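All remarks here apply to the structure that follows.
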Amino acid sequence: MQSDVEKVNRELGGRLPKHVGIIMDGNGRWATRRGLPRALGHRAGTERLRGIIRVSSDLGIQALSLYAFSTENWKRPKNEVDALFGLFMEYFTNEVEALHANRVRIRMLGDMEALPGNVRAAVRAAEKKTAKNDGLRLNVALNYGARAEAVRAVRAIAQEAVMGALIPESIDEAALMAHLDTGGLPELDLLIRTGGEQRLSNFLLLQAAYAELVFVDALWPDFSDALYLSTLRDYAQRNRRFGGLKPDGEE
Ligand code: FPP
3 MQSDVEKVNR ELGGRLPKHV GIIMDGNGRW ATRRGLPRAL GHRAGTERLR GIIRVSSDLG
63 IQALSLYAFS TENWKRPKNE VDALFGLFME YFTNEVEALH ANRVRIRMLG DMEALPGNVR
123 AAVRAAEKKT AKNDGLRLNV ALNYGARAEA VRAVRAIAQE AVMGALIPES IDEAALMAHL
183 DTGGLPELDL LIRTGGEQRL SNFLLLQAAY AELVFVDALW PDFSDALYLS TLRDYAQRNR
243 RFGGLKPDGE E
């Protein structure tokens with residue numbers, strides 16, 4: 003796989019995305035098709051993270067944002083929510099050392115206040131430990147929803163206005179984007195959704211304004227490093243225009 007990464011790096015060089023977002027869908031179906039409880043699908047999904055993070059990091063992708071738990075996922079049966087939180091605890095307890103050694107910088111997207119205290123403490127500790135790292139920016143969306151994020155941003159901006167720190171006329175697109183949970187990260191270039199569905203499910207809606215979208219049929223636990231590399235090749239062939247015209251001579 004290392005040689006595949008080097009090959010893709012040589013081949014795509016400057017056409018790699020700076021920031022990739024992933025909606026990791028399909029864990030439940032992966033488990034059900036094998037006659038296993040859904041929680042084991044989430045475990046298999048968690049195990050896939052290592053490879054995807056390593057490939058991203060080795061290729062020099064600057065930021066990777068993963069949708070782990072949405073504001074809507076609370077509606078799932080309590081035993082599934084508990085299983086997910088158990089996995090988050092395990093992940094942020096056991097994997098952080100290796101991520102730190104690889105200079106990965108962890109940041110959470112979403113509202114951490116509503117999380118169980120032990121999970122909140124574990125994710126905050128992971129952020130703190132890795133805060134000065136200069137490698138891949140790994141963003142994990144937990145209790146995240148794009149509309150709730152927009153509300154938080156608007157509230158923060160309104161608060162600054164009330165305090166006299168800014169005037170409404172000075173609020174521009176850059177100010178709004180800077181107040182989102184992703185403030186300071188590179189523009190989202192590529193948004194991947196596994197599991198065959200073609201929707202955004204309240205993930206990074208404003209950030210995705212100009213992102214290329216790739217929908218993959220593979221269920222998340224089956225989204226191999228090789229499939230990820232082929233998705234990046236697909237992205238590199240897209241003609242990104244950001245609302246402008248195609249370059250001269252192109253159809
Ligand atoms: C969607 O699959 C996936 C989730 C709701 C959870 C995503 C979580 C992980 C991959 C695991 C852990 C992440 C971290 C950061 C440790 P689904 O259950 O909706 O699948 P289905 O559509 O087949 O039912």
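Quick note on the numbering used here: the sequence shown kicks off at 3 and runs consecutively. In this text, a Cβ means the ideal position worked out from N, Cα and C, and glycines have one as well. Keep in mind the model is a prediction, meaning the values are calculated, not measured.
M114 carries a helical assignment under DSSP once its states are collapsed to helix, strand and coil. Selection K130, N81, S232, P19 evaluated against F94 yields K130 as nearest (Cα-Cα). Going by C-alpha positions, A220 is about 46 Å away from A163.
A distance below 8 Å between beta-carbons, with the five flanking residues on each side excluded, links V57 to the following residues of its chain, in chain order: M3, V7, D227, Y230, L231.
Only exposed fits R35, as fewer than 16 other CB atoms lie within 10 angstroms of its CB. By a beta-carbon distance limit of 8 Å, G28 does not contact G246. Their separation comes to about 35 Å.
Within the model, the alpha-carbon separation for Q200 versus G53 is close to 24 Å.
If the five residues before and after S67 are omitted, its C-beta is found closer than 6 Å to the C-beta atoms of G23, N141, all from its own chain and listed in chain order. Not a single heavy atom of the ligand FPP lies less than 8 Å from the C-beta of L215.
The straight-line gap separating the alpha-carbon atoms of F217 and R235 is approximately 14 Å.
By the beta-carbon neighbour count (other beta carbons within 10 angstroms, threshold 16), A124 is buried.
Along the length of the stretch 188-246, whole alpha helix (DSSP H) runs at least 4 residues long occupy 227-238, reported in chain order. Inclusion of G43 and R31 in the CB contact set at 9 Å is warranted, their separation being smaller than that value. Taking A128 as the centre and dropping the five residues before and after it, the same chain places the C-beta of F94, V98, I108 closer than 7 Å to its C-beta, in chain order. Excluding residues up to 5 positions away in sequence, I159, E162, A177 lie with their Cβ nearer than 8 Å to the Cβ of L168 in the same chain. Shortest gap from the CB of F71 to any heavy atom of the ligand FPP: under 8 Å. Classified as exposed, W76 has fewer than 16 neighbouring CB atoms from the shown chains inside 10 Å of its CB. Close CB contacts of L89 within its chain, under the 7 Å cut and outside five residues either way in sequence, are with H44, R45, T48 (chain order). In this structure, the alpha-carbon of P118 lies about 32 Å from that of M165. When secondary structure is reduced to three states using DSSP, R139 falls in the strand class. Contact between L192 and Y237 holds: their C-beta atoms lie close to 5 Å from each other, under 8 Å. Per DSSP, reduced to three states, the secondary structure at V22 is strand. Short note on W32: C-beta closer than 8 Å to some heavy atom of the ligand FPP. Listed as beta-bridge partners of R107 by DSSP are R139.
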